[in-house]
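Trainee: First the structure, which I've put down as structure tokens, then a few questions once you've had a look.
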Amino acid sequence: MDEEALEPEKKEKGAKSTECGAKNISNDPMQRGHERRTQMEFHLVFKRKRSTTKDGGPDVAKTVDTVDPYGIRSHVCCMDEHHPSVSLAKKAGPTTGKKHRAPRPRRNCVDNPNCLFGLGEHTDGIWKSTPSVLADLGPDPSENLRCPSDDNNNAIAVARPCGLRNLGATCYVNSMVQCLFMNLSFRRAVHEWEPKQTQHVNAALLAQMHALQRLFAQMQLGALSYVDPQDFAATLELNNVMQQDAHEFTKLFLTHLQSIFVYSKHRVHWNHIDTHFRGSMHYVTTCSTCCARSTRSSSYYEISLNIKGHPSVHDSFQSYLSPELLYGDNQYFCDACASKQDATRQIEIEESTLPPTLMLHLMRFVYDVKTYTKKKVQDAIEIPLTLNTRDLVKQAKQANAQYRLVGVLNHRGSTASAGHYTANIFNPTSNQWFAFDDTNVEEMQPSAFGASKEAYMLIYTREDHLVATDEVLPAPALIHEVETANARLQQDVATHRAKMTELHELVAIRKVKYDFHFETPVPESPFYWVDAAHLQEWVLGTDIAKDTAPVMDLEPYLCEHNKLHPNKSHRLKRVSLQLYRELCSSATTPIELSSHNYWCDECVVLSQRQSLVSLGKQERWKRNLELLNHTEEAYLISRKWVSSWKICLQDALAIKQPGAKVDEAQEWMASMTINQDLACSHGNLQPKKRPQYRSISSDLWAVLASEYAVGATFPKPTTSDCVQCMDDASTQHMAETMARNDRNRLLAEKPALFRLFKRQASSPHDVLPTDKPLALVSHAWLEQWKAYIDHVHVTAPTSLPNAFQCEHDKCVVPMHILDQIERRGHKKQATVDAAVVLLDEWNELSQVYTADAPLSFILHGNGDVQWGKINKVRGFVAIPAVRCSVCELKQETNQLALSLDFQNQPVNIIALREEEAIPNGLGTDTDVASDQPQRRRSSRSGRKTNPTYEVCCSADDTVSLLKHRLFETCDTAPSHQLLYFRGELLDNATSLKHAGIQAHDTLYLKALTDETPDDVLEIVTNEVEVGFEHSAIAGHRRQSVAASWVCDTCTLVNDTGAGLCEMCDAERPAATLL
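In the UniProt record's numbering, the protein residues as written are 1 to 1074.
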């Protein structure tokens, strides 16, 4: 394209370009000269003719150096510039000594088409230690295999037990189920259990047993390292999110299993639980006088041992079997002596009654007699690996009969209400110990037990029952089910392994190809344009795992002539032919842009013109900013406006500015014209605005006035403050001075009004004067009057309104006034309608403002109230029927409804010190613990303020919930909070509405101490543990409790068949025989 062909187009578009520029500056000779220079430079740019190749494309090597609209002459980046640490490592090789911090890699040069580095290579994607494409495959199923495999995919035989998944808070279930599973006789019974054909079995019981059988089959034969016990827990209706006691679960679960085993078709299963886990003992009472013995038998699943103060299990067991002396008030009634005698009582265990599996319960959770809550005993106790029968039985027939430790249940945690259960269990099939922590199973050594602070239950098995027998397998149907699941798992492992191997190979190949293609610089010709995002995907290897090839769409970068648009080329990268072919092999490329077909002459010309116009604007903006530094002071301008203008120009010139500052400046300029904030209503300069304006030169004023709207022009030599505004300000000042003088004179002449002005508004806490007439005025009017007296420029109030008159021509007394009169419910009111003023205050108010006779009252010393109105001549006039009972009842009903059924309203709680008495809400103080000696209060303690808390709650909330919300703001735990309302201690289960607590009421808090009386503790600690109440295994406990009876003498719970108490031999009450 020659110069003559360009001339018409250049003239036409040059005129448009000039028109698109700053039209308001066209009269400036400096600007006109700059525009002429710009056009000349543009003309010189295209003066020389570009060379072309044989196929018509531009020859980049012969293109004029000043023309580079596509950036192909930009700097060619190399690996050393973006990854110096990688380059240094390749050159230096292995090094020894101190490691220095490697320099951080540089990001990709976004606007440079010759920068192919900084796209994430050596840091992201396939360059990570674990490539992203491999991580996207998900977890490796082989990691969940119980038996690992070697490189040849052969399972390595390791007798590692299976773990159980924790469903939320079911660690206590997992630990005990693992112990029962390792009991081979119990496992055999579970596998062999089949329901009777002649007797119908409850569907729920059948589902529970089948779930246990399936769980045991998966634990025994499954290939997974852990099993999900969700179905098993669901059939037992266990609460998966509530922590429970493992000891209680064991008793209830074994009892429940016994009720299921009786339905087995095999007779040997009917008493399997009782035969293997239940033992019996005797409570023996011996008279010290005649040596007569009284024996009562009792059964047990476990023996509970006290560990407080006992260093070992052996010592604790001896204490458990030691005799107890009954004397004094606790004497025993001997039938042989026919009188109460001193006696000894002890527990005896016979060898024949010891179960094959002996469980010992270490009593770590005890009740605090003060708080009636559980606490954990942290004492360490030594655990023996064996127990000899002579330690358990008074006269053992076989001295060598021993029990071996096979299981330890541990409780981790410092409290009884929370923690975590684990188990250490002996596997009889492999003669190894394993530590079970839900899904984690690790081999361990029994020597690690020693003295444990976490052991909670110990399981011992008689040695003759530890002999390993032939392994019993589950039912054939369950075996087939587990084998199918194992085969499916192995197939998943093989598929995942094959996919991993394939991806590893593809990643290695991609890295080799990257090193090959990116080591050489991009050639000048031929080359190809590719999308930077697609190139980055290839570098990071994100396309490796995709099933379908991605599409490299270059259509968004084309111009209207189907060439590469110069303004969009910065989003593309220039690559070699070899790399382009590699990219096309993994992607679909519908449009191809190469060094032969990308150049668009028309768009290049237009782009260059637009660039020069933009450059001209930027140069002009820079000159305008320089004009701010001129020393000439020709015009006054608003500092706020010119500062906002400066920020906007700096932001347009890409000078970094805070975003919030730019937004504020743009908003100010959009809403304000020049000097609009300086001009007064007369169009002149406002007085006393000196700090709000500055001086600028005439050149800058000409520029700003030509580009922006001008609100007012203030030449500095001729501008002064507005005389009319100064006169108005002087007049207003004189008026305010006169009003202030009038106010001072009014308050001086009327001292009652001065006293009313200084006094704060009345509240329910104020004590009203007695035997004096008091008037009620509008609280809103009184506040407006005080504001006027305080600031005379505020609008003065008009006549006093009668705000308390109802539609029946009577008066309605606000509720807060009645509360103040009767001194009830010292609480904050949502609205205050009336204020109480004295008679002399009202008289002086009525002299200044027009007012009708106000509603008034006299509060006598005996508490009686006389209602009426105040007459200017006669003073107080009693009117018994002045109050409207209908409207006041409606008002009280609405107020009570809002107070009782409040939602998310505050309640005030005041914390009292230990020696402080508890207010009863009736104007006096009472001490709940009146029988306790009061501490002498220090004179300094009276000056201390009680901490006050505001807790938002609702009427239906319980006191217990209120305590937990209070605990969020104070340090007193809910179990140690004593809340009082109107002198009464609040029960935890009581709702706030039932206790009569309303919104804004005041409660009093005291902390529970060692001196708190027992009757108080009974009220605040009456919360009952739910335990397994709603589970399937709780039915047996409820039945046994209902069938048992409680001894009136020693409070022991006895079996239903016992006629005498097992502990004290007292007769069973007749009422329990019904």
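Backbone N, C-alpha and C fix where the C-beta goes; we use that ideal spot for every residue, glycine too. Remember, it's a predicted structure, so these values are computed and weren't measured experimentally.
Does the distance from the CB of ALA455 to the CB of ILE381 come in under 8 Å?
Mentor: Locating residue 455 in the sequence shown gives position 455, counting from the first residue. Locating residue 381 in the sequence shown gives position 381, counting from the first residue. The answer is yes: Cβ separation under 8 Å.
Trainee: According to DSSP, which residues form a beta bridge with TYR635?
Mentor: The residue given as residue 635 occupies position 635 in the sequence shown. In the DSSP output, where bridge partners are listed per residue, TYR635 has ILE696 and PRO715.
Trainee: Less than 8 Å between the C-beta atoms of THR850 and SER799, yes or no?
Mentor: Here residue 850 is taken as the residue at index 850 of the sequence shown, counted from 1. Here residue 799 is taken as the residue at index 799 of the sequence shown, counted from 1. The answer is yes: Cβ separation under 8 Å.
Trainee: If you draw a straight line from the alpha carbon of MET40 to that of TYR70, how long is it in whole angstroms?
Mentor: Taking the sequence shown and counting its residues from 1, one reaches residue 40 at position 40. Taking the sequence shown and counting its residues from 1, one reaches residue 70 at position 70. Note that MET40 scores 35 on pLDDT, short of 50, meaning its location in the model is unreliable; the coordinates nonetheless yield the value given after this. Looking at the two C-alpha atoms, the distance is approximately 22 Å.
Trainee: Can the beta-carbon of LEU252 be found closer than 8 Å to that of PRO229?
Mentor: The count along the sequence shown starts at 1 and reaches residue 252 at position 252. The count along the sequence shown starts at 1 and reaches residue 229 at position 229. Not in contact: LEU252 and PRO229 (Cβ atoms no closer than 8 Å).
Trainee: Report, in whole angstroms, the separation of the C-beta atoms of TRP781 and PRO801, which I expect to be a contact under 8 Å.
Mentor: Counting from 1 along the sequence shown, the entry for residue 781 is found at position 781. Counting from 1 along the sequence shown, the entry for residue 801 is found at position 801. At roughly 6 Å, the Cβ-Cβ gap stays under 8 Å, so TRP781 and PRO801 are in contact.
Trainee: Put THR130 into one of helix, strand or coil per three-state DSSP.
Mentor: Along the sequence shown, one-based indexing puts residue 130 at 130. Three-state result, THR130: coil.
Trainee: Taking only three categories from DSSP, how would you classify THR357?
Mentor: On the sequence shown, position 357 is the one that residue 357 refers to. Strand.
Trainee: Could you give the distance in angstroms between the alpha-carbon of LEU900 and the alpha-carbon of ALA999?
Mentor: Start at 1 with the first residue of the sequence shown, and residue 900 comes out as number 900. Start at 1 with the first residue of the sequence shown, and residue 999 comes out as number 999. Distance between the alpha carbons of LEU900 and ALA999: 7 Å.
Trainee: So LEU212 and PHE186 are supposed to be a Cβ contact under 8 Å. How far apart are they, rounded?
Mentor: Sequence index remark: in the sequence shown, residue 212 carries index 212 (1-based). Sequence index remark: in the sequence shown, residue 186 carries index 186 (1-based). Not really, about 10 Å apart at Cβ, beyond 8 Å.
Trainee: Have a look at the DSSP bridge pairing and note the partners of ASN388.
Mentor: For this step, residue 388 is matched to residue 388 along the sequence shown. DSSP lists GLN402 as partners of ASN388.
Trainee: Mind checking who PHE333 pairs with in its DSSP beta bridge?
Mentor: Here the question's residue 333 lines up with position 333 in the sequence shown. The partner list for PHE333 (beta bridge, DSSP) reads LYS340.
Trainee: For TYR980, name the three-state secondary structure that DSSP assigns.
Mentor: Within the sequence shown, residue 980 is the residue found at index 980, counting from 1. DSSP places TYR980 in strand when its eight states are reduced to three.
Trainee: Which full runs of the beta strand (DSSP E) of 3+ residues lie inside the stretch 767-852, going along the chain?
Mentor: Here the runs fully enclosed are 773-778 and 834-838.
Trainee: Pairing CB atoms from the stretch 318-338 with CB atoms from the stretch 410-426, are three or more of them under 8 Å?
Mentor: No, the stretch 318-338 does not touch the stretch 410-426.
Trainee: Buried or exposed: ALA155, going by 16 or more other Cβ atoms within 10 Å of its Cβ?
Mentor: Taking the first residue of the sequence shown as 1, we reach residue 155 at position 155. Residue confidence for ALA155 is low, a pLDDT of 46 falling below 50, so the modelled location carries little weight; the figure read from the coordinates is stated next. The residue in question, ALA155, is exposed, as its Cβ has fewer than 16 Cβ neighbours within 10 Å.
Trainee: Among the candidates ALA705, LEU746 and ASN684, whose CA atom is the shortest distance from the CA of ASP721?
Mentor: Start at 1 with the first residue of the sequence shown, and residue 721 comes out as number 721. Selected option, being the one with the closest Cα: ASN684.
Trainee: Identify whether ALA533 lies in helix, strand or coil by the three-state DSSP scheme.
Mentor: Here residue 533 corresponds to residue number 533 of the sequence shown, with the count starting at 1. Correct three-state label for ALA533: helix.
Trainee: Taking GLN445 as the reference, which of HIS561, GLY407, ARG462 and GLU984 has the closest Cα?
Mentor: Translated into positions along the sequence shown, residue 445 becomes position 445. Closest by alpha carbon: GLY407.
Trainee: According to the Cβ coordinates, are ASP438 and ARG165 closer than 8 Å?
Mentor: Locating residue 438 in the sequence shown gives position 438, where the first residue counts as 1. Locating residue 165 in the sequence shown gives position 165, where the first residue counts as 1. Yes, they are a contact pair.
Trainee: On the DSSP bridge list, what partners appear for residue 1079?
Mentor: No statement about residue 1079 is possible, as the shown extent of the chain runs from 1 to 1074 and does not include it.
Trainee: Considering only C-alpha positions, which residue in the set THR461, TYR598, CYS287 and SER671 is nearest to ALA338?
Mentor: By one-based count along the sequence shown, residue 338 stands at place 338. For the residues THR461, TYR598, CYS287 and SER671, the minimum Cα distance to ALA338 belongs to CYS287.
Trainee: From the DSSP secondary-structure annotation, give me the bridge partner or partners of ILE72.
Mentor: Working through the sequence shown from its first residue, we reach residue 72 at position 72. None; ILE72 has no bridge partner.
Trainee: In or out: MET734 buried (at least 16 other Cβ within 10 Å) or exposed?
Mentor: Stepping through the sequence shown from its first residue, residue 734 is reached at position 734. Per the 10 Å Cβ criterion, exposed.
Trainee: Do GLN977 and LEU1003 have their CB atoms nearer than 8 Å?
Mentor: Translated into positions along the sequence shown, residue 977 becomes position 977. Translated into positions along the sequence shown, residue 1003 becomes position 1003. No. Outside cutoff.
Trainee: Give a yes or no on whether the C-beta atoms belonging to PHE249 and TYR172 are separated by under 8 Å.
Mentor: By one-based count along the sequence shown, residue 249 stands at place 249. By one-based count along the sequence shown, residue 172 stands at place 172. Against a cut-off of 8 Å, the Cβ pair of TYR172 and PHE249 comes out as a contact.
Trainee: Run through DSSP, which three-state label would SER452 get?
Mentor: Along the sequence shown, read from residue 1 onward, the residue named residue 452 stands at position 452. Strand, per DSSP.
Trainee: Do THR542 and SER132 count as a contact pair if the criterion is CB distance below 8 Å?
Mentor: Position 132 of the sequence shown, counted from the start, is the residue given in the question as residue 132. Position 542 of the sequence shown, counted from the start, is the residue given in the question as residue 542. A contact, by the Cβ cut-off of 8 Å.
Trainee: I need the straight-line Cα distance from GLU519 to ASP124, nearest angstrom please.
Mentor: By one-based count along the sequence shown, residue 519 stands at place 519. By one-based count along the sequence shown, residue 124 stands at place 124. Between GLU519 and ASP124, the C-alpha separation is close to 19 Å.
Trainee: Distance check for LEU540 and GLU81, CA to CA, integer angstroms please.
Mentor: The count along the sequence shown starts at 1 and reaches residue 81 at position 81. The count along the sequence shown starts at 1 and reaches residue 540 at position 540. In a straight line, the C-alpha of GLU81 is about 19 Å away from that of LEU540.
Trainee: Please name the residue in ASN112, THR415, TYR514 and LEU554 whose C-alpha comes closest to that of HIS75.
Mentor: Numbered from its first residue, the sequence shown carries residue 75 at position 75. For HIS75, the nearest C-alpha among the options comes from ASN112.
Trainee: Is the beta carbon of ARG620 closer than 8 Å to that of ASN114?
Mentor: The residue labelled residue 114 in the question sits at position 114 within the sequence shown. The residue labelled residue 620 in the question sits at position 620 within the sequence shown. Result no, Cβ atoms of ASN114 and ARG620 do not sit closer than 8 Å.
Trainee: Give the secondary structure of GLN578 by DSSP, where H, G and I count as helix, E and B as strand, and everything else as coil.
Mentor: Counting from 1 along the sequence shown, the entry for residue 578 is found at position 578. Correct three-state label for GLN578: helix.
Trainee: Which first and last residues belong to the alpha helix (DSSP H) in which HIS480 is found?
Mentor: Locating residue 480 in the sequence shown gives position 480, counting from the first residue. Element bounds for HIS480: 476-518.
Trainee: Got a sec? Which residues, its chain only, sit under 7 Å from GLN258 by beta carbon, not counting five neighbours each side?
Mentor: The residue you call residue 258 lines up with position 258 of the sequence shown. The answer, listed in chain order, is ILE273 and ASP274.
Trainee: Go ahead and pull the three-state DSSP assignment for THR673.
Mentor: Within the sequence shown, residue 673 is the residue found at index 673, counting from 1. THR673: coil per DSSP, three-state reduction.
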